[in-house]
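Under our numbering, the residue at position 163 of the sequence shown is numbered 178, and the numbers go up by one with no gaps.
Beta carbons are placed, not taken as given, at the ideal position from N, Cα and C, and that holds for glycine.
The structure displayed is predicted, hence computed values, not measured ones.
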Amino acid sequence: MADSKPVIVSGIQPSGILHIGNYFGALRQHIALHKSHEAYYFIVNYHAMTTLHDATALRQYSLDVALDYLALGFDPDKAALFLQSDVPAVNELAWIFYTLTPVSQLEKGVSYKDKVAQGLSANAGLFNYPVLQAADILIYGGTRVPVGQDQKQNIEISRNLAQKFNATFASEERPVLPVPEPYILDDVAVVPGLDGRKMSKSYGNTIGIFDEGKALKKKVMSIVTDSTPLEAPKDPDTCNVFALIRLFADDETRERVADAYRAGGYGFGHAKKELLGLMTEYFAEARERRKDLETRPDFVQDVLREGGRRGREKAAEVMERVREAAGLIRTH
Ligand code: ADP
């Protein structure tokens, strides 16, 4: 099967409020790519169930993710945004992949081991997470997966599964599934959280993309810094506050603040105020759009419904070839 034009696919978990790590590590790229490529972005609510068993919260977080994408500039006329559970065939493909996956490969999963080490229950869903992720990618014929560095290993499993499926059920000359590539944008650094560790929902150290007012101020003021006194020169490159400032600032502001750090007489309180101003400004338009979207739930439903329809249509094409190749007879 010729794989000429790249197909961009990516999933985002509705397991909590999306934060600025998610924005700079994932959403920003998704938004930038979807207008010029065939793209499928899905809200992976089946995946979220590996850690979330609260129906009300799952429903709310799922709709929140849709609102976030739309507010941040996702154009539903250009690409598909939908709920993972609106394309149930991913579970069928995941099952086929389970039969091709050695348990030992999943046992080595870094993200599985991390989550269990953090105290999450080792349920079979969590263990099999990368296999469902592979099904998500391959069922839409995805060839480019924009992800952060931390997801590279999981994409490797998707690549292996595509190759293994082709080797088992097809041939190298006439593969059924294209082999996807991770698409890691080089300037995506790991965004630090309030405590200086990687910003992550599971560490409770996040700043929400749409946090504002007092709540935002409180979080920014609580960012951990060292105890260098106000008058002393400081190294911007080792400071959490500056690491965030550089994401939001233009070149001129970034240089001005870096110079102020190095000169001394500029405290972390000053830097935090600068950051607060920058963040408030950066997401101002998106915040307004989100508030407007909140008053139009029918529009959001329509976007997801149409996205789901496009997702199912594409998945049906791929699954027909997969079933045929694997010998799964269908009588209807
Ligand atoms: P979380 O750790 O908050 O649960 P996810 O694992 O759901 O976040 O990540 C969703 C996407 O956001 C992934 O592509 C991931 O690489 C990116 N991402 C998450 N946290 C960060 C971070 N602190 N810095 C950069 N990218 C991040």
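8 Å Cβ cutoff met for residue i and residue j
i           : j           : result
residue 96  : residue 84  : yes
residue 275 : residue 257 : no
residue 195 : residue 181 : no
residue 216 : residue 31  : yes
residue 105 : residue 55  : no
residue 152 : residue 136 : no
residue 272 : residue 255 : no
residue 248 : residue 204 : no
residue 109 : residue 162 : no
residue 301 : residue 86  : yes
residue 246 : residue 295 : no
residue 318 : residue 70  : no
residue 65  : residue 141 : yes
residue 144 : residue 68  : no
residue 214 : residue 45  : no
Alpha carbon of residue i to alpha carbon of residue j, nearest angstrom
i           : j           : result
residue 333 : residue 281 : 58 Å
residue 39  : residue 26  : 15 Å
residue 234 : residue 221 : 8 Å
residue 101 : residue 90  : 19 Å
residue 206 : residue 340 : 43 Å
residue 310 : residue 304 : 10 Å
residue 327 : residue 299 : 35 Å
residue 264 : residue 293 : 7 Å
residue 176 : residue 53  : 22 Å
residue 342 : residue 21  : 28 Å
residue 149 : residue 199 : 17 Å
residue 60  : residue 79  : 12 Å
residue 250 : residue 154 : 48 Å
residue 158 : residue 193 : 7 Å
residue 122 : residue 116 : 11 Å
residue 156 : residue 166 : 19 Å
residue 103 : residue 229 : 41 Å
residue 291 : residue 284 : 11 Å
residue 322 : residue 29  : 17 Å
residue 344 : residue 338 : 7 Å
residue 223 : residue 57  : 20 Å
residue 129 : residue 346 : 44 Å
residue 168 : residue 208 : 23 Å
residue 315 : residue 308 : 7 Å
residue 75  : residue 36  : 20 Å
residue 243 : residue 306 : 40 Å
residue 3   : residue 72  : Residue 3 is absent from the model: the chain starts at 16 and stops at 347.
residue 51  : residue 324 : 20 Å
residue 113 : residue 138 : 15 Å
residue 267 : residue 43  : 22 Å
residue 259 : residue 179 : 42 Å
residue 125 : residue 77  : 26 Å
Residues that DSSP places opposite residue i in a beta bridge
i           : result
residue 314 : None, per the DSSP bridge assignment.
residue 34  : 223
residue 23  : 54 and 159
residue 95  : 55
Which runs of the alpha helix (DSSP H), 4 residues or longer, sit entirely within the region 186-263?
228-236 and 255-263
Give, in chain order, every unbroken run of the alpha helix (DSSP H) that is at least 4 residues long and sits entirely within the region 132-158.
139-153
Which runs of the alpha helix (DSSP H), 4 residues or longer, sit entirely within the region 262-321?
266-278, 283-297 and 299-309
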